[in-house]
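Shown next, in structure tokens, is the structure this report addresses.
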Amino acid sequence: MKLFDVYPIYDISVVKGLGSYVWDDKGIKYLDLYGGHAVISIGHSHPVYVKMLTEQLQKIGFYSNFVRLPLQEQLAQSLGEVSGLPDFQLFLSNSGAEANENALKLASFATNRKKIISFTGAFHGRTSLAVAATDNPKIIAPVNETDNVIFLPFNDVEKLKKCFENIGFEIAAVIIEGIQGVGGIQMASDDFLKTIRQLTTHYGSVFIADSVQCGYGRSGIFFAHNHAGITADIYTTAKGMGNGIPIGGTLIAPHLKPEMGMLGTTFGGNHIACTAAIAVLEVIKNENLILNANKVGQYAMEQIKAFKEVKEVRGRGLMIGIELYEPCDKVRKSLIFDHKIFTGSSSNKNTLRLLPSLAVTNAEIDIFLDAFKKALK
Ligand SMILES: Cc1ncc(COP(=O)(O)O)c(C=O)c1O
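All the letters of the sequence shown, read from the start, carry residue numbers 0 to 376 under numbering that gives the first Met the number 0.
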């Protein structure tokens, strides 16, 4: 059997990882400033993570949601504490798309409405409603096309107000990334997020903060949206939550009530996934990784701004977009093949993304800066 050929891949086989580094099958070491697309939050093969997962696997790896799973309660407790949302409720799934799909369904159930507002440049995943709320016609199959999703221009307060004035009581939810990731590290303005909060409250709609990429401490606080001083009704998480073990979370405000059978999943919240997520939170807490993301991110952005070849640096914490004056693919390739450093691309051809582990150090950023200078030549 051949693989279904959908990924434009580099011919590198990663076989080992430790901290901010990975090694290929030829023993070549790479500095990983991409984290497998913002997934590696605490570093590769962190010893606490490996120990907890190994011990858990020796006990039991999986059981489904027809019995009580105390690890889910332990995770909910820890996540409530670290995220600052102790009153919220947690629904566990397996990916970012599922976390968003469930958030959107829940908003529709709760409001008994059908319309969803999403924004230009948004990426919310590839399941049916998540992809319909994603601003990329190429990945929306005909069966996923729907009039229920309304796209408005990102950060346009006036257009958003107009839309609510016209059909506010039909809107089930507004879904937005605090910092658009795939869209090229575009920041939602504080004013825009505050307006979403005011309008959704006024019209009884649900504010969904897609934190799959920008959440979990990456922006220097737990949820990037909260930089605007607001609290959303639902936060969705995945990526960094399990440091590579698939897990998604839909964090739900107390006023949204569950009903038996309303949401469900076979794999979501299994023993291994919960253990991975508990280990991640433990390491984030014990090693002060959110503070580190803040400090190292600021250092990196200041240094990168000084390059004359850089048009703009966007982002917060360790979610950094470097926009060049020209397409960045050559620089990215040179970083990988000449300098052995992984970085990410985005839908904006000129923008390179840095999404390293939250434990990355200034010294590792210096290695990047030196290589970046050479790669730009
Ligand atoms: C903001 C955002 N939401 C949702 C998703 C989908 O996550 P997953 O690929 O885990 O389904 C992504 C993935 O890149 C994302 O960046």
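Ideal Cβ placement from N, Cα and C applies to all residues, glycine included. Since we're looking at a predicted model, the values are computed, not measured.
- Non-local C-beta neighbours of T110 in its own chain, meaning closer than 6 angstroms and more than five positions away in sequence, comprise A171, ordered along the chain.
- Under the DSSP definition of a beta bridge, V156 lacks any partner.
- Taking 4 residues as the minimum length, the alpha helix (DSSP H) runs contained wholly in the region 92-131 are 95-110 and 127-131, in order along the chain.
- Taking a 10 Å sphere around the C-beta of Q179, we find 16 or more other C-beta atoms and assign the residue as buried.
- Exposure of T200 is indicated by the presence of fewer than 16 other C-beta atoms within 10 angstroms of its C-beta.
- The DSSP assignment places complete beta strand (DSSP E) segments of no fewer than 3 residues inside the region 292-326 at 309-315 and 318-323, in order along the chain.
- If one requires a minimum length of 3 residues, the beta strand (DSSP E) runs lying completely within the region 2-69 are 13-17, 20-23 and 28-31, in chain order.
- With respect to F341, Y33 sits close: the two C-beta atoms are nearer than 8 angstroms.
- Contact between A237 and G83 is ruled out by a C-beta separation of about 19 angstroms, above the 8 angstroms threshold.
- I244 is positioned such that its CB atom lies no closer than 8 angstroms to that of A208.
- If you draw a straight line from the Cα of R331 to the Cα of L30, it comes to about 13 angstroms.
- Contact between the region 270-278 and the region 122-140 is not established, with fewer than three Cβ pairs separated by less than 8 angstroms.
- With distances taken between CA atoms, T194 lies nearest to D155 out of G267, D155 and S210.
- Of K339, S333 and M318, the smallest CA-CA separation from S345 is found for M318.
- With a threshold of 16 other beta carbon atoms within 10 Å, M300 meets it and is buried.
- Per the C-alpha coordinates, the member of L375, Y215 and S356 positioned closest to G42 is S356.
- Under DSSP, the beta-bridge partners assigned to Y234 are A208 and L250.
- Nearest to G216 by alpha-carbon distance, out of N165, P141, A358 and N143, is A358.
- Nearest in C-alpha terms to A227, of all of T264, L198 and G177, is G177.
- For the options K329, V205 and G183, the alpha carbon positioned closest to that of L192 is the one of V205.
- Per DSSP, T194 is not a residue of any beta strand (DSSP E); the alpha helix (DSSP H) it occupies stretches across D189 to Y202.
- For a cut-off of 8 angstroms, the C-beta gap from S40 to V295 is around 14 angstroms, too long to register as a contact.
- For L198, the closest C-alpha among the options C162, Y62, P257 and T350 is that of C162.
- In the DSSP assignment, T350 falls within the unbroken beta strand (DSSP E) covering T350 to L353.
- Within the chosen limit of 7 angstroms, ligand 1 reaches the beta carbon of F122 through at least one heavy atom.
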